[in-house]
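The working numbering applies: residue 1 is where the sequence shown begins, and numbers increase by one.
Glycine included, C-beta positions come from ideal geometry on N, C-alpha and C.
To start, the structure itself, in structure tokens.
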Amino acid sequence: MRAKFDKALAELVFRGEHDHSIYQVAAPLLTSATGWRYAAIGRLDDNGKRVEVLAAADGGKMQQTWSYDLADTPCAHVYESDIFDPYWFVGSGLIEKYPNDKALLEGEFVAYRGELFFDDRGQPAGHVFCMHDAEMSDDDETRWFFRMLTQRIGAEFNRMNSELALRVQGERSERATQAGRVGVWEWDLETDQVYFAPNLEKMLGCNDGEHIKHIDQWIKRVDPEFGQPMLDAAQAFREQRRTGEMVAEYRTTLEDGTVRWFEARSHSIGGENGQPLKLIGTDTDITERKQAEDRLLDALKQVEKANAAKSDFLANTSHELRTPLNSIIGFSDMLLGETFGALGSEQNKEYIEIINKSGKHLHSVIGDILDLAKVESGEVDISEEAIDIRDLIIDAHDIVSDQAAKKSIRLPIDHQPAIPLLMGDKLKILQVLLNLLGNAIKFTRDGGTVSTSAFVNNDGFFVIAVEDSGIGIAKTDIATILEPFSQAGHAYTRSSDGTGLGLAIVKSFMELHGGTLQLESQLGAGTKVNACFPAHRIIAMCAASNI
1 MRAKFDKALA ELVFRGEHDH SIYQVAAPLL TSATGWRYAA IGRLDDNGKR
51 VEVLAAADGG KMQQTWSYDL ADTPCAHVYE SDIFDPYWFV GSGLIEKYPN
101 DKALLEGEFV AYRGELFFDD RGQPAGHVFC MHDAEMSDDD ETRWFFRMLT
151 QRIGAEFNRM NSELALRVQG ERSERATQAG RVGVWEWDLE TDQVYFAPNL
201 EKMLGCNDGE HIKHIDQWIK RVDPEFGQPM LDAAQAFREQ RRTGEMVAEY
251 RTTLEDGTVR WFEARSHSIG GENGQPLKLI GTDTDITERK QAEDRLLDAL
301 KQVEKANAAK SDFLANTSHE LRTPLNSIIG FSDMLLGETF GALGSEQNKE
351 YIEIINKSGK HLHSVIGDIL DLAKVESGEV DISEEAIDIR DLIIDAHDIV
401 SDQAAKKSIR LPIDHQPAIP LLMGDKLKIL QVLLNLLGNA IKFTRDGGTV
451 STSAFVNNDG FFVIAVEDSG IGIAKTDIAT ILEPFSQAGH AYTRSSDGTG
501 LGLAIVKSFM ELHGGTLQLE SQLGAGTKVN ACFPAHRIIA MCAASNI
């Protein structure tokens, strides 16, 4: 008997390696070797409530596969077995124990033998079972053979599931790489033999049946200026002068003239002695990204060209306007001073004052436009010198004091005990201060406060801050108020007749110094503007003094 079982197991191993499925081999082999009439192999579904029969044999003949509910069947008892001894045997009286099992009734089965097999996580995956229409005994040799066969089927079940999972994963990876236009490659640094994934070969222009097997074949496909740098990088890895990840871009021109760009990412794999043996990596088709970058670069060039033309136009126009304006302002000044005699009526004098005021305002606007045009055209340079900001703040306050006095606005000054000297353009920083103070006074109600402070913040920036108790700026306007010709909200528009160039000029002058302009405001609660100069412009500390 044992020799017959050994032969059957050997046949199962041999035939299982060559046939499509070991299950179709095992089921009839189990009936012929044990003498039991019926044998089947079942797989438990994911819910653990139904069994799918993978193969079944009755009297040595294969049966159609089927599925059944596990409840109220002898198979259910097998799944309730101890996992350390998942075997169950009933020699007789099977129909009486399971009167609702139609398969038992139809086959008139009275004996049952079953055992679980497990998946690679140790969970019940299925079972092998035999049934017979006569009473049977559970002898040791038959039990041994049955359990050995079950273990063999369990191993095959896990092998096929692993292969299926790997195949599914491989197919997913292949779909992902194709969708993302990514291909993998390997480069043997000792032989210069390479492997390129089929989809990557196709992206590089290979025809059907054409493969890239040597690095020289890849070099011939890329544009000339990109091949040698890759060879140099590989040599650096060989000589261990380079480690870690390598990222490079290269271009190839296909036979039809199509230009493709790729981004190559790779790292080395070393042997036991640390000597690099291979480069492995991926190539991603970045043609669309490069084309988008080229379009963006062209657009930026067009914008720069348009800005330059605009700046030239503004500069030329401003110069042309200044000459007649100087005449208007000069002659109206003479008329107001009654240099050549009285104006006569008060109405004449009022009109001349309006002409004079409007001319001076327009002259100031044109000056702002010209300053901004010069900055945007790159014609403005900064004259570097060491500046004591405390003195500059005092000068700025003296200039705007009359403007503040007319509205009874207080102008307090605050500073740290010791203020660094700042390297910068004194006149431009003074203009920054005057513009910030002028704006703050203009938009602060009578009796308000405009304070100025200077300090080095926690990030090491030199900050000049101007804070007012004015009307504030809406959050929706903060993002645009630093742009040229922008005025914040209706309140600003009603209370001022400016062009909105002041803050844009301040921002431009700060950028010339490598600095930034930060604006904090709340509508109805005032505004704070921080002019932040980079730390490298701080050159020394000077003693504290009252200012």
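Item: Aspartate 85 in three-state terms, based on DSSP; Value: coil
Item: Nearest-angstrom Cα separation, counted from tyrosine 195 out to glycine 209; Value: 14 Å
Item: Presumed contact (8 Å Cβ cut-off) between leucine 116 and serine 81, rounded CB distance; Value: 7 Å
Item: Those residues which DSSP pairs with phenylalanine 127 across a bridge; Value: Correcting the residue identity first, residue 127 is histidine in this sequence and not phenylalanine. Answer by DSSP bridge pairing, in chain order: Gly42 and Leu116.
Item: N- and C-terminal bounds of the alpha helix (DSSP H) containing cysteine 206; Value: Where cysteine 206 is concerned, there is no enclosing alpha helix (DSSP H), given that its DSSP letter is neither H nor E.
Item: Member of Leu512, Ala26, Ala264 and Glu96 whose CA lies at the smallest distance from the CA of cysteine 532; Value: Leu512
Item: Three-way DSSP call (helix, strand, coil) for histidine 490 in this model; Value: Residue confidence is low: histidine 490 scores 38 on pLDDT, short of 50, so the model does not pin down where it sits. No coordinate-derived value is stated.
Item: The stretch 466-474 / the stretch 523-537 touching (three or more Cβ pairs under 8 Å); Value: yes
Item: Cβ-based burial, asparagine 439 [other Cβ within 10 Å; buried from 16]; Value: buried
Item: The stretch 403-416 touching the stretch 451-464, judged by at least three CB pairs closer than 8 Å; Value: yes
Item: Check whether arginine 251 and aspartate 232 have beta carbons under 7 Å apart; Value: no
Item: Terminal residues of the beta strand (DSSP E) in which isoleucine 382 lies; Value: First-last for isoleucine 382: undefined, no H or E at that position.
Item: Unbroken alpha helix (DSSP H) run spanning isoleucine 269, endpoints; Value: Unbroken run through isoleucine 269 is the beta strand (DSSP E), 259-270; no alpha helix (DSSP H).
Item: The stretch 106-116 contacting the stretch 133-150, beta-carbon criterion three pairs below 8 Å; Value: yes
Item: Inter-residue spacing [alpha-carbon to alpha-carbon] between glutamine 24 and leucine 277; Value: 46 Å
Item: Cβ neighbour criterion (16 or more within 10 Å) applied to phenylalanine 157; Value: buried
Item: Among Arg238, Ile95, Gln240 and Ile215, the one whose alpha carbon lies nearest that of glutamine 228; Value: Ile215
Item: Collapsed DSSP secondary structure at tyrosine 195 in the structure displayed; Value: strand
Item: Coarse secondary structure for methionine 230, derived from DSSP in three states; Value: helix
Item: Proximity of leucine 70 and valine 51 at Cβ, strictly below 7 Å; Value: yes
Item: Identified DSSP bridge partners for methionine 246; Value: Ser266
Item: Which listed residue (Cys130, Leu343, Thr516 and Asp138) has its alpha carbon closest to that of cysteine 75; Value: Cys130
Item: Own chain partners of methionine 334 with C-beta closer than 8 Å, once the 5 adjacent residues on each side are dropped; Value: Phe340
Item: Integer-rounded CB distance, given that glycine 42 should sit under 8 Å from histidine 127; Value: 6 Å
Item: Residue span of the beta strand (DSSP E) that contains tryptophan 187, given as start and end; Value: 182-188
Item: Valine 182 and threonine 287 closer than 7 Å at C-beta; Value: no
Item: Span separating the alpha-carbon of tryptophan 185 from that of threonine 282; Value: 6 Å
Item: Start and end residues, alpha helix (DSSP H) containing tyrosine 68; Value: Segment 67-69 is the beta strand (DSSP E) holding tyrosine 68; no alpha helix (DSSP H) there.
Item: For glycine 60 and serine 92, believed in contact at Cβ under 8 Å, the rounded distance; Value: At roughly 23 Å, the Cβ-Cβ gap does not stay under 8 Å, so serine 92 and glycine 60 are not in contact.
Item: Residue nearest to phenylalanine 331 in terms of C-alpha spacing, selected from Gly359, Lys310, Asp101 and Asp459; Value: Gly359
Item: Unbroken stretches of the beta strand (DSSP E), 3 residues or longer, contained in the stretch 399-461; Value: 413-415, 419-424 and 450-456
Item: contact_flag[the stretch 287-297, the stretch 244-263] where n(CB pairs < 8 Å) is 3 or more; Value: yes
Item: Pick from Trp187, Ser21, Gly424 and Thr323 that is closest to isoleucine 538, judged by C-alpha positions; Value: Gly424
Item: Where the beta strand (DSSP E) containing phenylalanine 340 begins and where it ends; Value: Here phenylalanine 340 belongs to no beta strand (DSSP E), and DSSP marks it neither H nor E.
Item: Limits of the beta strand (DSSP E) - the one that alanine 57 falls within; Value: 50-58
Item: Sequence-distant residues of the same chain with beta carbon closer than 7 Å to threonine 516, five excluded per side; Value: Met510 and Cys532
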